[in-house]
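The sequence shown begins at 146 in my numbering and counts up by one. Even for Gly, the Cβ is constructed at its ideal location relative to N, Cα and C. It should be emphasised that the depicted structure is a prediction, and the values quoted were computed from it without experimental measurement. Here is the structure we will look at, set down as structure tokens.
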Amino acid sequence: MPVSYFIRTIDSPNPLPEAVATPLHRHNKTAELLWVERGTLEIELSDRRLVLSAGDLLLIPAGYWHRLVVVDDPQPIKKLIFALSVKAASVQRARPASPIYTSALFAELEREQQAPSASFGKGQKIVELLLLEVGLAQVARLTNPVESFRLPHLLHNLEETCHLPFSLSETAARTGLSKFHFSRKFKEQCHETPLQFVIRCRMECAQQLLLATDHDVSSIASLCGYKSATQFHAAFTRFSGTTPKRYRMKQADGL
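Written as structure tokens, this is what we have:
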């Protein structure tokens, strides 16, 4: 029975290559728990920048804008991604009393994830123990087991890489499905096509950048994956019903 969590290891030199240095993004259905076992990790949130060092845990609930800025030293950093309802009002940072224990929990969860006969209950329990480390005493149950092509995992990746060129064939291949069956399953569960999902992620990122930064429209177009400001301007206007400049002005005026 598949479990709706997965672990990714960030293991990159400084400075980060473009493919690893994710732009500003958010995950609407998944939360992240970052564990810095060694090295340094810098995270940019919508309202502040945090520098995490060895021994730090950081919980980023679903819906929070963030960006990986810098990883010092080519040391692995664990990222636990899960489709779990956590009762956290904001980003939570903690330094566990026993780093060895925390590392052991992550290692055991990785082994459990890779085991052919992975236990849903055991994985759930390890996730709960890790969230206790960051101060969450009450954790809701894991969501229902996901489809065989692991939709939460796929959506998480698309949200992080929406600024990169999108290929339906390559995305479907990662799920082991044909383009037709993948598109049908995706639309059944997300109520939009894969391309519509990627475009919406780009546009929501653009809206956030217009509100939270002073970047000009050309820079925002590039950050969101558009080759020209003209192409971005047309896409943004279709999505938002107004131009990027007017959107920024209206939001600034509280309209």
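Endpoints, the beta strand (DSSP E) within which residue i is located
{"i": "Thr185", "result": "Thr185 to Leu190"}
{"i": "Arg238", "result": "Gln237 to Ala239"}
{"i": "Leu204", "result": "Asp201 to Ile205"}
Proximity below 9 Å, CB of residue i to CB of residue j
{"i": "Leu178", "j": "Leu275", "result": "yes"}
{"i": "Leu203", "j": "Arg171", "result": "no"}
{"i": "Tyr371", "j": "Arg347", "result": "yes"}
{"i": "Ala228", "j": "Pro297", "result": "yes"}
{"i": "Thr154", "j": "Pro244", "result": "no"}
{"i": "Asp201", "j": "Arg240", "result": "yes"}
{"i": "Lys330", "j": "Leu322", "result": "yes"}
{"i": "Ile205", "j": "Val236", "result": "yes"}
{"i": "Gln258", "j": "Tyr150", "result": "yes"}
According to DSSP, residues forming a beta bridge with residue i
{"i": "Phe151", "result": "Ile226"}
{"i": "His211", "result": "His170 and Leu190"}
{"i": "Val272", "result": "DSSP, once it has assigned bridges, lists no residue as partnering Val272."}
{"i": "Ser373", "result": "Answer is none; Ser373 lacks a bridge partner."}
{"i": "Val196", "result": "Glu187"}
Closest by C-alpha distance to residue i, when choosing among the options
{"i": "Tyr209", "options": "Thr358, Leu277 and Thr175", "result": "Thr175"}
{"i": "Glu315", "options": "Gly370, Pro339 and Thr375", "result": "Pro339"}
{"i": "Arg194", "options": "Leu213, Ala228, Gln258 and Gln376", "result": "Leu213"}
{"i": "Ala242", "options": "Asp359, His336, Phe342 and Ala199", "result": "Ala199"}
{"i": "Arg383", "options": "Ile344, Gln334, Ala317 and His336", "result": "Ile344"}
{"i": "Phe327", "options": "His308, Glu349, Gln353 and Leu299", "result": "Leu299"}
{"i": "Ser363", "options": "Thr375, Gln353 and Gln352", "result": "Thr375"}
{"i": "Glu187", "options": "Asn173, Ala207, His211 and His378", "result": "His211"}
{"i": "Trp180", "options": "Val196, Leu225 and Ala207", "result": "Leu225"}
{"i": "Glu304", "options": "Gly268, Leu281 and Gln341", "result": "Gln341"}
Endpoints, alpha helix (DSSP H) assigned at residue i
{"i": "Ala176", "result": "Premise fails: Ala176 lies in the beta strand (DSSP E), Ala176 to Val181, not in any alpha helix (DSSP H)."}
{"i": "Leu281", "result": "From DSSP, Leu281 is part of no alpha helix (DSSP H); its letter is neither H nor E."}
{"i": "Leu322", "result": "Leu322 -> no alpha helix (DSSP H), and no H or E assigned at all."}
{"i": "Leu340", "result": "Pro339 to Ala357"}
{"i": "His308", "result": "Note, His308: premise wrong, no alpha helix (DSSP H); not H, not E."}
{"i": "Ala252", "result": "Pro244 to Gln259"}
{"i": "Pro389", "result": "Pro389 to Ala397"}
Supposed close pair residue i, residue j - CB separation, criterion 8 Å
{"i": "Lys223", "j": "Glu189", "result": "That belief does not hold up - the Cβ atoms of Lys223 and Glu189 are roughly 19 Å apart, past 8 Å."}
{"i": "Ile152", "j": "Leu250", "result": "Ile152 to Leu250, Cβ: 11 Å. No contact."}
{"i": "Leu368", "j": "His308", "result": "7 Å"}
{"i": "Thr247", "j": "Glu278", "result": "6 Å"}
{"i": "Ala351", "j": "Pro389", "result": "7 Å"}
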